[in-house]
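Structure, as structure tokens:
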Amino acid sequence: MRHTQRPPEPLAGYARLSAVATLLLASAALAQPAGLRAFDLERLELNPNGQGSSLMGTGELLPEGSFRLSLAGQFENDPLVMYRNASRLGAVVSDRVTAHLMAAWAPLQWLEVGAQLPLVAWQDGDDLRAQGIAAPARTGLSTPTVYARLGLLAQRREAPVDLALEVGVGLPFGSKDALARDSGVRFAPKLAVGRNFGSLRAAVEAGVLLRPSAVLGDTGNVRDEVRLGAVLATTGASLRGELNVRGAIGLDDAEDSLEVLAGVRMPLSDSLEAFALLGPGFGEAPGTPAFRMLLGVAVGGEKKTEKKVEPAPRDDDADGVKNEDDACPTEAGPAERKGCPVKDADQDGVEDAADTCPTEAGPAERQGCPVKDADQDGLEDASDKCPTEAGPAERQGCPVKDTDQDGFVDEQDACPAEAGLAELRGCPAKDSDGDTVSDHLDNCPTEKGVATNAGCPAAQKQMVAIQADKVEIKEQVFFATGNAVIQKRSFALLDQVAKVLQQHPEVEKLSIEGHTDDRGNAENNRKLSLARAEAVKNHLVSRGVEASRLEAKGLGSDRPIAANTSPKGRATNRRVEFIIVPPELRR
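Those letters in the sequence shown? Residues 2 to 588, by the numbering used here.
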């Protein structure tokens, strides 16, 4: 057997002292990596307003004046595991239970404020004392946060999406011993955008977390990070589901993190709901669990007005007077008689006591006596200028006379003895120059022309054709993009419109209608179309047309004549029309 000589006693003592010193130095290197107790381990931030997602902001704020209070508890597995030279030493925190108290309130339709207060209710881990790493405290307050959200766009205000800017602040009031406090204030600005698509809501969120750094050695470092997330959720008033993906990209030498959390939300009443989230985590960043599970309840979220349902009062005789006020509850009668029936032998609505003719039906204004109306036109003979001929009241009982039977009564007919056209106020059409085009449709009524050129000689190109209900233009009126400035290439067309109007005084009122396609805000489109119509009116007035004969209207995209799904269709819808206002609609 081979023996090993024992060193002399002084040398043996020195060896033992060196071994202890080496162990202490090694333990000091492992016991507490820099900042281990000066950072907040928790990575989970919930969405206090619960709009669209329990986890992430979706760009939607609470309705003005409403609030939401939530209480949730979560369990996470292995959120902090220590490594040395890529070898696992053990989990400083292997199991952790955290409670979250959250509140959100919207004092204005574009502003929401809120807060989150996490509390480490219990946590446990591996015994790493042999490695010189003390266990963290079992419980402790975590970092409280406050935030403000500004609603930049909202679908409920007719915007295409919900868009919100949030600024959050984490306050260093947590417990260092429970790994629940950063060494200073942290800031978390973010931007969220979302939209409803039928029964689904989709949203994305992007932001940064600016926090004090903490170096944990091989386990990873705590640094500033970029945070990104996306959610797809169902909508409605019953059971809802959601799928959240949230990740963090560590800056400098910090690790990345990713979590996928699926959840459900169940309404328990009009103002109370329960929710749950569950999912795995990926990455080595401190605070990223192997998996996470959360359960919670929330109250509020919508500002609701309770409607008190009053029982319907009894009315046994169905006369509109409830029994408690009805002097005759089993007999129908008017309210002015306290529900008692009226005695009216002739059934003319005038009770017998006040009826001068109780056996003959007559109106109340004649004390119940019948009206004498020989021609049965609704006017009594005393007020009827034609008592033997039926006629309307507006003609004092005299019949309408239309001698030429053209649909215009004689007093409104410019040619009462000749049947004519509505657009000529009852006068017949004439063709002064004998070119087969009636004067009221002829751009050159005193000059013989051809029908295909609006009654003008072929050499005089006509871009305008007057019709029974409108002045048709055969070219488009062009404007500078996005405003109401008429381009010079349209001056010749508008000058011809002015000339035609001057030649046709029978067009007493012309409505200039501006139209746009459906791109952009509807109200802005109406304003632009009105401005363009006004510009055309001013041009015609400058060319000698009386302003009293013209009116401008801006109809925006309300009356398309082509589909707005193609450039050609949208170009067709961007137009100016000249509509002849009929006599009955003129002001």
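Ideal Cβ positions, reconstructed from N, Cα and C, are used throughout, including at glycine.
Within a Cβ cutoff of 8 Å, which residues of the same chain sit near V94, ignoring the five residues on either side of it in sequence? Numbered from its first residue, the sequence shown carries residue 94 at position 93. These residues qualify, in order along the chain: L42, D79, P80, L81, Q124, D125, G126, P137 and L180.
Which residue wins for smallest C-alpha separation from A553, given the options T566, M294, K528 and N574? The count along the sequence shown starts at 1 and reaches residue 553 at position 552. Taking only the C-alpha atoms, the option nearest A553 is K528.
Per-residue DSSP class, three states only, for Q124: For this step, residue 124 is matched to residue 123 along the sequence shown. Strand, per DSSP.
If you measure between the beta carbons of G53 and E65, is that distance less than 8 Å? On the sequence shown, residue 53 is found 52 positions in, with the first residue counted as 1. On the sequence shown, residue 65 is found 64 positions in, with the first residue counted as 1. Cβ distance not < 8 Å, so G53 and E65 don't count as in contact.
Check this for me: beta carbons of T235 and L278, under 8 Å apart or not? Here residue 235 is taken as the residue at index 234 of the sequence shown, counted from 1. Here residue 278 is taken as the residue at index 277 of the sequence shown, counted from 1. Their beta carbons are not under 8 Å apart, which means T235 does not touch L278 by this criterion.
Buried versus exposed, by CB contacts within 10 Å (16 or more), N48: Translated into the one-based positions of the sequence shown, residue 48 becomes position 47. Label assigned to N48: buried.
With 16 other CB atoms within 10 Å as the buried threshold, where does F174 fall? For the purposes of this step, residue 174 is taken as residue 173 along the sequence shown, with counting starting at 1. Per the 10 Å Cβ criterion, exposed.
Residue range of the alpha helix (DSSP H) that K191 falls in? Numbered from its first residue, the sequence shown carries residue 191 at position 190. Not the alpha helix (DSSP H): K191 falls in the beta strand (DSSP E), residues R187 to F198.
Where the beta strand (DSSP E) through E256 begins and ends: Taking the sequence shown and counting its residues from 1, one reaches residue 256 at position 255. Careful: E256 lies outside any beta strand (DSSP E) and carries neither H nor E.
Would you grab the beta carbon distance between E167 and P190 for me? Rounded to a whole angstrom, and I think it's under 8 Å. Position 166 of the sequence shown, counted from the first residue, corresponds to residue 167. Position 189 of the sequence shown, counted from the first residue, corresponds to residue 190. The Cβ separation is near 7 Å, so the contact holds.
Can you tell me whether T236 sits near the ligand GTP, meaning its C-beta is under 7 Å from at least one heavy atom of the ligand? Although the ligand GTP was asked about, the structure shown includes no ligands whatsoever.
Considering Cα atoms alone, identify which of A459, R520 and G340 is closest to G557. Stepping through the sequence shown from its first residue, residue 557 is reached at position 556. Among A459, R520 and G340, the Cα nearest to that of G557 belongs to R520.
Could you give the first and the last residue of the continuous beta strand (DSSP E) run that contains S272? Start at 1 with the first residue of the sequence shown, and residue 272 comes out as number 271. Careful: S272 lies outside any beta strand (DSSP E) and carries neither H nor E.
So what's Q6 in DSSP terms, helix, strand or just coil? Sequence index remark: in the sequence shown, residue 6 carries index 5 (1-based). A caution first: Q6 carries a pLDDT of 35, below 50, which makes its placement in the model unreliable, though a value can still be read off. In the structure shown, Q6 sits in coil (DSSP, three-state: anything other than H, G, I, E or B).
Looking only at its chain, what residues have a beta carbon closer than 6 Å to the beta carbon of N444, apart from the 5 residues adjacent to it on each side? Reading the sequence shown from its first residue, position 443 is the one you call residue 444. Correct list, in chain order: A455, G456, C457, Q463 and V501.
Can you give me the Cβ contacts of E578 inside the same chain, cut-off strictly under 6 Å, excluding the 5 residues immediately before and after it? The residue you call residue 578 lines up with position 577 of the sequence shown. Same-chain partners within the cutoff: E514.
Once the 5 residues before and after G171 are set aside, which same chain residues still bring their CB inside 6 Å of it? By one-based count along the sequence shown, residue 171 stands at place 170. Taken in chain order, the residues that qualify are T144, T146 and R187.
So what's Q156 in DSSP terms, helix, strand or just coil? Counting from one through the sequence shown, the residue named residue 156 turns up at place 155. In the structure shown, Q156 sits in a helix (DSSP, three-state: H, G or I).
Enumerate in chain order the residues of its own chain whose CB-to-CB distance from P108 is below 8 Å, with the five nearest sequence positions on each side excluded. Here residue 108 refers to the residue found at position 107 when the sequence shown is read from its first residue. So the qualifying residues of the chain are E65, G66 and V114.
With respect to the beta strand (DSSP E) encompassing F492, which residues constitute its N-terminal and C-terminal limits? Working through the sequence shown from its first residue, we reach residue 492 at position 491. Here F492 belongs to no beta strand (DSSP E); instead the alpha helix (DSSP H) covers F492 to Q504.
Over the uninterrupted alpha helix (DSSP H) stretch that includes A249, give me the two end residues. Working through the sequence shown from its first residue, we reach residue 249 at position 248. Here A249 belongs to no alpha helix (DSSP H); instead the beta strand (DSSP E) covers R241 to G251.
Go through its chain and collect everything with a Cβ distance to Q368's Cβ below 6 Å, but skip five positions before and after it. Residue mapping note: residue 368 aligns to position 367 of the sequence shown, counting from 1. Answer for Q368: T357, listed in chain order.
Touching or not, the region 94-105 and the region 327-346, by the rule of three or more beta carbon pairs under 8 Å? no
Helix, strand or coil at A391 [DSSP, three-state]: The count along the sequence shown starts at 1 and reaches residue 391 at position 390. DSSP places A391 in coil when its eight states are reduced to three.
In the DSSP assignment, find the unbroken alpha helix (DSSP H) run with A534 in it and report its ends. The residue labelled residue 534 in the question sits at position 533 within the sequence shown. That run of the alpha helix (DSSP H) goes A523 to S543.
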